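One point on numbering: in numbering that gives the first Met the number 0, the residue at position 68 of the sequence shown is 67, and numbering is uninterrupted.
Beta carbons are placed, not taken as given, at the ideal position from N, Cα and C, and that holds for glycine.
All figures in this text were calculated on a predicted structure; none of them were measured in a lab.
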Amino acid sequence: MELHHNRDETAAITFDPTRTATLSSFQTMIARSRTESDYGPFLTGLRYCIFPGHAARISAVRDACIIEGSSILKKRRGSSRADIVAAVKKSSAHISGFERLVVDALRVLDRQHPDWFETSSSILAGRGVAL
0 MELHHNRDET
10 AAITFDPTRT
20 ATLSSFQTMI
30 ARSRTESDYG
40 PFLTGLRYCI
50 FPGHAARISA
60 VRDACIIEGS
70 SILKKRRGSS
80 RADIVAAVKK
90 SSAHISGFER
100 LVVDALRVLD
110 RQHPDWFETS
120 SSILAGRGVA
130 L
């Protein structure tokens, strides 16, 4: 999946590089999330997805879930927050400042939602995702 922004500032998403679907359906949700205090919250956890080196590999984090390899099915539970940082270091050395961004995001999550990691890890364990 790739997210692109073109010069017209419209976003597009694709799972297949030969076709593109616009994301205009998100515009209403984004506007409501910024203007209606009881709408949301959205994206309150840690999320990132990069393709280090080439598109045949993926490195992603969704809260305590770490995805690395050739398929999104290759996932594991992070054993700690440090495990998430290690995954970032391993896959994002070519992206200046990315590791720092994730470390800062982890600090904010820990301050705003102190049990986020344990909650996510528990949910993943219940779904059979191994460490």
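For residue i, the first and last residue of its enclosing alpha helix (DSSP H)
i	result
R106	97-111
A124	115-125
Which listed residue (the options) has its alpha carbon closest to that of residue i
i	options	result
K88	P113, I65, R110	I65
D114	T27, G44, R31, G125	G44
A124	Q111, I94, R76	R76
V107	A92, D62, Y38	D62
C-beta atoms of residue i and residue j nearer than 9 angstroms
i	j	result
S90	E67	yes
Y47	V101	yes
S58	L130	no
A86	V60	yes
Separation of residue j from residue i, as counted between CA atoms
i	j	result
F156	L72	Residue coverage of the chain in this structure runs from 0 to 130, which leaves residue 156 outside it and unanswerable.
F97	V84	10 angstroms
S95	R56	20 angstroms
R31	Y38	6 angstroms
Q111	R126	25 angstroms
I122	S69	24 angstroms
For the region 36-98, list the alpha helix (DSSP H) runs that are entirely contained and at least 4 residues long, ordered along the chain. 80-90
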